[in-house]
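Note sheet for the following structure.
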Amino acid sequence: MSDETHVPAAHDLAPGEEEQHTVGERILGYVVGLGLALLLTATSFFIAGTNLVWQPSIPVALIVLAIAQMGVHLVFFLHITTGPDNTNNVLALAFGLLVVFLVVGGTVWIMSHLNQNMPPMDQIMPMHR
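Throughout the sequence shown, residue numbering follows this note's numbering, covering 16 to 144 in sequence.
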């Protein structure tokens, strides 16, 4: 027998237990994420303020850049991956997104129905007198 210490492989980790990374690997990951986030932010400002891009495509380009930036933040800063140890994090994120979409969608739906079903303001004012 040898006195080698057992280093667990990636599949030997318990759920919620992170792999051991060196400080340099962690800092490199954060620096890459920061660089990508800054690049996407600068690109968004450039797209919004230039005449070099076809004007009707600007909102679509900004939406695509925003979704890309959300992906960068999720992967590099929140460490959301597709690994089996991240199942709870992904489910919590999905539930949070569901709640946000329900609240925002419900608010917009209620406001649009109120706008359609309310009488014009000039008809409401005589009722209050």
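Here a beta-carbon is modelled for each residue, glycine too, at the ideal position from N, C-alpha and C.
When the distance is taken between beta carbons, is residue j closer than 8 Å to residue i?
i: Ile95; j: Leu108; result: yes
i: Gln84; j: Leu113; result: no
i: Gly48; j: Phe91; result: yes
i: Ile73; j: Ile82; result: no
Enumerate in chain order the residues of its own chain whose CB-to-CB distance from residue i is below 6 Å, with the five nearest sequence positions on each side excluded.
i: Leu51; result: Val87
i: Leu89; result: Ile95
By how many angstroms is the C-alpha of residue j removed from the C-alpha of residue i?
i: Ala57; j: Val75; result: 16 Å
i: Pro99; j: Leu77; result: 32 Å
i: Asp137; j: Val123; result: 24 Å
i: Gly44; j: Leu67; result: 33 Å
i: Phe60; j: Pro71; result: 16 Å
i: Asn104; j: His143; result: 52 Å
i: His128; j: Val115; result: 20 Å
i: Trp69; j: Val38; result: 44 Å
i: His36; j: Leu93; result: 16 Å
So, helix, strand or coil for residue i, using DSSP?
i: Asn103; result: helix
i: Gly48; result: helix
i: Gln35; result: coil
i: Met133; result: coil
So, does the CB of residue i fall closer than 8 Å to a CB anywhere in chain B?
i: Gln138; result: Absence of chain B from the displayed structure is noted, only one protein chain being present.
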